[in-house]
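Protein chains: 2
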Amino acid sequence: MEQLFELFFRNGLRPLSLLDGAAELESKMNRSELAALLTIRYRGRLTMSELATELGAPLSTVTSLAQRLVRKGWIERTRSDADQRVYWVRLTDEGKAIGDRAYATMSVWFERVQAALTPKELEQFLALALKVGKALQQDKGAKEKPAAGKEKLSRIRIDD
Amino acid sequence: MEQLFELFFRNGLRPLSLLDGAAELESKMNRSELAALLTIRYRGRLTMSELATELGAPLSTVTSLAQRLVRKGWIERTRSDADQRVYWVRLTDEGKAIGDRAYATMSVWFERVQAALTPKELEQFLALALKVGKALQQDKGAKEKPAAGKEKLSRIRIDD
DNA sequence: GCCTAATACTACGAAATCGTATTAATAATC
DNA sequence: GATTATTAATACGATTTCGTAGTATTAGGC
């Protein structure tokens, strides 16, 4: 439990810090640029505010971050027709190329995880992790409706 | 694989706002100060380099971070007798008090996780999460020279 | 419609972070 | 034991982040 605690803090406070080996990527971009790229790649397109909340950063920070990425030619921003206040952010072709490379680099980590677990374990882990993730994302103020994701998971054996 | 990826994005990139709701504490420190405080609290005392690797930050960053914390009166640094190059970092009484408060605030997160899972599920989740953590940390084919200047990340010890 | 409130974002200066160069102390080699 | 290499940390300038104030646009009363 202690160890999990450590893991949790480390990753909770400084995401991506557990994962080294992104050296090749990190020479071209820093952590937040990588996170932004991956997020935009994953979401397709989003607004500045959405990007900010996804990244857990203040909007003003994301403004400059986005400016940098535009300068690098990796993303483009277009003003929304429906609401002139909002800007849509999406990857350019070059951004996509870089994003794909980043993804490829990272998928090594996912493969490692898959290799380490049996299919059953993986399934179980995913289910539980989703539950935990959901629990963590809830607004603290919100008075917790227990229902939704609470169906019970069957127990499986975990090999060491 | 898809699911793992999704999981990673939904929860892996965004730092948690751990002090969320404790406005009183939040106004006193930023994320890295919190992380440092908790790390030192957890470890008792450590050297500057150790702190840097624990935090996943470069040493030069930790130098200024530590200066700030000294100024705030939360930590103290003493030069090691055994090796004059190293400084031991530990919490002052005031630092301990604040650290305790921060920890208490944060334990809400654990309660949430516990509330979301049955005891059996929790047990399974812990076991699996540790396995995954271990898998992520294992060195891939160490083909790279440490690329001068890049700090190595500390491994979290995970027992079976 | 008009006025006020809320929202989406940018501007800007202050603070934090990072990479690289440098200093000082210890370890290793001969 | 002198010389070189390595390690632990700081110095410093450049870049990034952040909080706050400001601007423009849309939403909500009435």
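Chain order of the listed sequences is S and B.
To convert, note that position 116 of the first sequence is 729 in my numbering; the numbers rise steadily by one, no gaps.
To convert, note that position 113 of the second sequence is 726 in my numbering; the numbers rise steadily by one, no gaps.
All C-beta atoms, glycine included, are put in the ideal place defined by N, C-alpha and C.
- When the five nearest sequence neighbours on each side are left out, the beta carbons in the same chain lying within less than 6 Å of the beta carbon of residue 690(S) are those of 700 and 702, in order along the chain.
- Annotation: residue 739(S) to residue 656(S) spans about 20 Å, alpha carbon to alpha carbon.
- With respect to chain S, the C-beta atom of residue 707(B) has no partner C-beta closer than 8 Å.
- In the DSSP annotation of this structure, the continuous segment of the beta strand (DSSP E) that includes residue 704(B) starts and ends at 700-704.
- For residue 720(B), the closest C-alpha among the options 676(S), 711(S), 697(S) and 749(S) is that of 749(S).
- For residue 697(B), the nearest beta carbon of chain S is not closer than 8 Å to its own beta carbon.
- Contact annotation, residue 674(S) with residue 661(S): C-beta distance approximately 11 Å; criterion of less than 8 Å not satisfied.
- Listed in chain order, the alpha helix (DSSP H) elements of length 4 or more contained wholly in the stretch 650-707 of chain S are 661-668 and 672-685.
- Taking a beta-carbon distance threshold of 8 Å, residue 722(S) counts as an interface residue toward chain B.
- For residue 643(S), there is no enclosing alpha helix (DSSP H), as DSSP marks it with neither H nor E.
- For the stretch 668-700 of chain B, the set of residues with a beta-carbon nearer than 8 Å to any beta-carbon of chain S comprises 668, 669 and 670, in chain order.
- Residue 626(S) sits in a helix when the DSSP states are folded into three classes.
- Contact of residue 658(S) with chain B is not assigned, every C-beta pair being separated by 8 Å or more.
- Distance from the CA of residue 688(S) to the CA of residue 695(S), rounded to the nearest whole angstrom, comes to 21 Å.
- Distance from the CA atom of residue 642(B) to the CA atom of residue 650(B), rounded to whole angstroms, is 10 Å.
- Within chain B, 622 and 626 have C-beta atoms less than 8 Å from the C-beta of residue 652(S), given in sequence order.
- Contact check for residue 715(B) and residue 638(B): beta-carbon distance about 6 Å, within the 8 Å limit, so the pair qualifies.
- Within the same chain, 687 and 688 come within 6 Å of residue 708(B) by CB-CB distance, once the 5 residues on both sides are set aside.
- By alpha-carbon distance to residue 710(B), the top candidate from 665(B), 653(B) and 670(B) is 653(B).
- Between the beta-carbon of residue 685(S) and that of residue 729(B) there is about 40 Å, and that puts the pair past the 8 Å contact cut.
- Taking a Cβ-Cβ cut-off of 7 Å, residue 714(B) has no neighbours in chain S, whose nearest Cβ is about 16 Å from it.
- Residue burial annotation: residue 737(S) is buried, with at least 16 other C-beta atoms found within 10 angstroms of its C-beta.
- Using a Cβ-Cβ cut-off of 8 Å, residue 726(B) counts as an interface residue toward chain S, since at least one Cβ of chain S sits closer than that to its own.
- For residue 672(B), same chain residues with a beta-carbon under 7 Å away, outside a window of 5 residues either side, are 661, 662, 665 and 764 in chain order.
- Against chain B, the CB of residue 733(S) has no partner CB under 8 Å away; the residue lies outside that interface.
- Within chain S, the C-beta atoms nearer than 7 Å to that of residue 744(B) come from 729 and 730, in chain order.
- Take the alpha-carbon of residue 618(B) and the one of residue 732(B): they are about 27 Å apart.
- Excluding sequence positions up to five before and after residue 713(B), its CB lies less than 6 Å from no other CB in the same chain.
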